[in-house]
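Novice: With the sequence shown counted from 1, adding 6 to any position gets you full-length UniProt numbering. Even glycine gets a Cβ: it sits at the ideal position worked out from N, Cα and C. Please read these numbers as outputs of a predicted model, since none were measured by experiment. Dumping the structure here so I can ask a few things about it.
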Amino acid sequence: LRDGLLADIATADTLDAVEALRVGALGKSGVVTGLLKTLGAMTPEERQAKGPAIHDLRESVTAAITARKAALESAALDARLAAERIDMSLPAQPVPQGSVHPVSQVMDELAEIFADLGFSVATGPEIEDDWRNFTALNIPETHPARAMHDTFYFGDNARATGGDGNPAAMLLRTHTSPVQIRTMMNEAPPIRIIAPGRVYRSDSDATHTPMFHQIEGLVIDKGITLGHLKWTLETFLKAYFERDDLAIRLRPSFFPFTEPSVEFDASYSLVNGQRVLGGNDGFMELGGSGMVHPNVIRACGLDPQEWQGFAFGIGVDRLAMLKYGMNDLRAFFDGDLRWLRHYGFSA
Ligand code: FA5
């Protein structure tokens with residue numbers, strides 16, 4: 007009986023088969039259980055003679071079943087692991103992902119750098135009124151700067167030539183400078199803001215698009231000088247282009263809303279014929295700036311004797327092109343994935 011049972015157990019090839027054998031041997035009416043039951047009816051001598059063999063049989067059958075079960079279970083686990091094996095060396099399946107547009111990324115970088123310098127972000131509407139876009143910025147109706155801005159007006163086409171004197175006429179803002187006006191009228195100084203955003207001009211070639219982005223900066227406080235402006239621009243540009251050897255040059259210029267007005271240039275070096283910001287091979291123009299004109303401070307209801315400040319405006323698209331080595335501004339707004347990928351902006 008023992009050899010038969012042990013052989014059956016050893017060759018059972020499923021867990022169910024082993025279980026059936028266990029029930030047949032050790033279950034309530036199993037053969038081994040049946041033998042154990044006969045012990046009760048035996049005389050003490052018989053029990054002494056046969057008992058150890060029967061107990062021994064039960065133990066070896068139990069041990070054989072446990073061992074067989076464990077063997078089958080581990081074989082099943084091995085089979086499952088083999089079937090579900092993951093090959094870590096296989097190349098990953100790329101999942102197409104959207105990404106942040108270079109212009110948005112640059113605007114985020116700028117906001118971060120200026121936040122470290124204590125500037126907060128201010129915003130204004132893209133549909134602006136004539137007064138905030140021009141008049142309050144010391145650009146009166148007949149001023150030639152209006153024509154230079156190639157303004158998109160709403161409604162009356164006659165306004166495209168430079169305005170008919172209606173301060174409430176609506177237009178697409180031609181620069182972010184009206185946010186200076188909005189901020190000075192809504193907040194008490196001291197003021198330290200940047201205003202990144204879209205602006206519009208009727209203009210189009212490789213370096214000009216009808217919609218582009220500017221970032222405005224405005225500081226209004228007591229005792230502000232051109233030195234503060236230069237330090238701020240230099241500190242920000244060094245951080246943005248990640249170059250400590252970047253130098254700033256201020257050149258006299260003209261904007262109606264600043265006096266004095268300066269254009270600021272950043273130094274570049276030539277690397278394989280390409281201009282890279284930083285170094286000292288030359289200077290390139292980056293934006294306009296100056297000390298806020300007393301007329302502008304006055305238009306916002308502040309006393310220019312008490313409050314002074316500086317302002318600057320930079321083309322954000324220009325900053326993106328220079329940092330990432332892009333050469334055609336129009337490509338920014340084509341939405342061509344190949345172009346974005348080329349510059350590492352999309353998966
Ligand atoms: C202005 O718009 C002034 N508001 C800047 C300013 C602010 C001066 C505060 C003083 C104080 P400007 O028209 O030069 O200035 O434009 C500023 C920058 O915008 C330019 O240096 C250029 O980088 C960018 N820009 C101008 N026109 C376009 C265009 N059509 N497409 C792309 N970028 C442009």
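Once the 5 residues before and after Leu11 are set aside, which same chain residues still bring their CB inside 7 Å of it?
Specialist: Here the question's residue 11 lines up with position 5 in the sequence shown. Only Ala31, Val67 meet the Cβ criterion.
Novice: Is the beta carbon of Ile200 within less than 7 Å of some heavy atom of ligand 1?
Specialist: Counting from 1 along the sequence shown, the entry for residue 200 is found at position 194. Because no heavy atom of ligand 1 lies under 7 Å away, the Cβ of Ile200 does not count as near it: no.
Novice: Please classify Glu348: does DSSP put it in a helix, a strand, or coil?
Specialist: The residue you call residue 348 lines up with position 342 of the sequence shown. Reading off the sequence, residue 348 comes out as His, not Glu. Helix at His348.
Novice: Given this structure, state the Cα-to-Cα distance separating Leu256 from Leu235, to the nearest angstrom.
Specialist: Along the sequence shown, read from residue 1 onward, the residue named residue 256 stands at position 250. Along the sequence shown, read from residue 1 onward, the residue named residue 235 stands at position 229. Those two C-alpha atoms are separated by around 10 Å.
Novice: Short of 8 Å in beta carbon distance, which residues of its chain neighbour Val24, apart from the five on each side in sequence? Order them along the chain.
Specialist: As a working note, residue 24 is residue 18 in the sequence shown. Closer than 8 Å at the Cβ level, and outside the excluded window around Val24, lie Ile15, Ala18, Ile71, Arg74, Lys75, Leu78.
Novice: If we count the other Cβ atoms within 10 Å of its Cβ and call it buried at 16 or more, is Asp136 buried or exposed?
Specialist: Stepping through the sequence shown from its first residue, residue 136 is reached at position 130. The residue is buried, with at least 16 neighbouring Cβ atoms inside 10 Å.
Novice: Short of 6 Å in beta carbon distance, which residues of its chain neighbour residue 4, apart from the five on each side in sequence? Order them along the chain.
Specialist: As displayed, the chain neither begins before 7 nor continues past 353, which places residue 4 out of reach and without an answer.
Novice: Going by DSSP, what residues sit across from Ala77 in a beta bridge?
Specialist: Against the sequence shown, residue 77 aligns to sequence position 71. Ala77 pairs with nothing; no bridge assigned.
Novice: Could you name the residues of the same chain whose beta carbon sits closer than 8 Å to that of Val322, not counting the 5 residues immediately before and after it, in chain order?
Specialist: Residue mapping note: residue 322 aligns to position 316 of the sequence shown, counting from 1. Cβ neighbours of Val322 beyond the five flanking positions: Val109, Val112, Met113, Leu116, Pro202, Phe218, His219, Gln220, Ile221.
Novice: Considering only residues of the same chain and omitting the five flanking positions on each side of Asn144, which have a CB-CB separation below 8 Å?
Specialist: Numbered from 1 along the sequence shown, position 138 holds the residue referred to as residue 144. Hits under 8 Å: Pro262, Phe263, His299, Asn301, Val302, Ala305.
Novice: Buried or exposed for Ile92, going by 16 or more other Cβ atoms inside 10 Å?
Specialist: Taking the first residue of the sequence shown as 1, we reach residue 92 at position 86. Per the 10 Å Cβ criterion, exposed.
Novice: Among Leu87, His181, Leu276, Asp227, which has the Cα closest to the Cα of Asp156?
Specialist: Taking the first residue of the sequence shown as position 1, residue 156 is located at position 150. Measuring from the Cα of Asp156, the nearest candidate turns out to be His181.
Novice: If you follow the alpha helix (DSSP H) that Leu232 is part of, which residue opens it and which one closes it?
Specialist: The residue given as residue 232 occupies position 226 in the sequence shown. Run containing Leu232: 232-247, per the alpha helix (DSSP H) assignment.
Novice: Give a single yes or no on whether Leu335 has its beta carbon closer than 7 Å to a heavy atom of ligand 1.
Specialist: Translated into the one-based positions of the sequence shown, residue 335 becomes position 329. It does: the Cβ of Leu335 is within 7 Å (strictly closer) of some heavy atom of ligand 1.
Novice: Use the C-beta contact count for Val185: other C-beta atoms within 10 angstroms, 16 or more gives buried, fewer gives exposed.
Specialist: For the purposes of this step, residue 185 is identified with residue 179 of the sequence shown, where counting begins at 1. Its Cβ being crowded by 16 or more others within 10 Å, Val185 is buried.
Novice: Please give me, in chain order, every unbroken run of the beta strand (DSSP E) with length at least 3 that falls completely inside the segment 277-353.
Specialist: As far as the segment 277-353 is concerned, its whole beta strand (DSSP E) runs of at least 3 residues are 280-283, 288-298, 314-321.
Novice: What does DSSP give as the partner residue(s) for Met176 in the beta ladder?
Specialist: Within the sequence shown, numbered from 1, the residue matching residue 176 stands at position 170. In DSSP, Met176 forms a bridge with Asp135.
Novice: From Gly169 to Thr148, what distance separates their C-alpha atoms?
Specialist: As a working note, residue 169 is residue 163 in the sequence shown. As a working note, residue 148 is residue 142 in the sequence shown. Caution is warranted here: a pLDDT of 47 is assigned to Gly169, below 50, making its placement in the model unreliable, and no coordinate value can be reported.
Novice: Under 8 Å, do Gly293 and Phe318 count as touching if we go by C-beta distance?
Specialist: The residue you call residue 293 lines up with position 287 of the sequence shown. The residue you call residue 318 lines up with position 312 of the sequence shown. Contact: yes.
Novice: Does any heavy atom of ligand 1 sit closer than 7 Å to the C-beta of Ser275?
Specialist: As a working note, residue 275 is residue 269 in the sequence shown. It does not: the Cβ of Ser275 is nowhere closer than 7 Å to a heavy atom of ligand 1.
Novice: Using only the alpha-carbon positions, how far apart do Pro310 and Ile187 sit?
Specialist: For the purposes of this step, residue 310 is identified with residue 304 of the sequence shown, where counting begins at 1. For the purposes of this step, residue 187 is identified with residue 181 of the sequence shown, where counting begins at 1. Using only the alpha carbons, I get a separation of about 14 Å.
Novice: Decide if the segment 40-54 is in contact with the segment 78-87; the criterion is three or more beta carbon pairs, one per stretch, under 8 Å apart.
Specialist: Verdict: no, contact absent.
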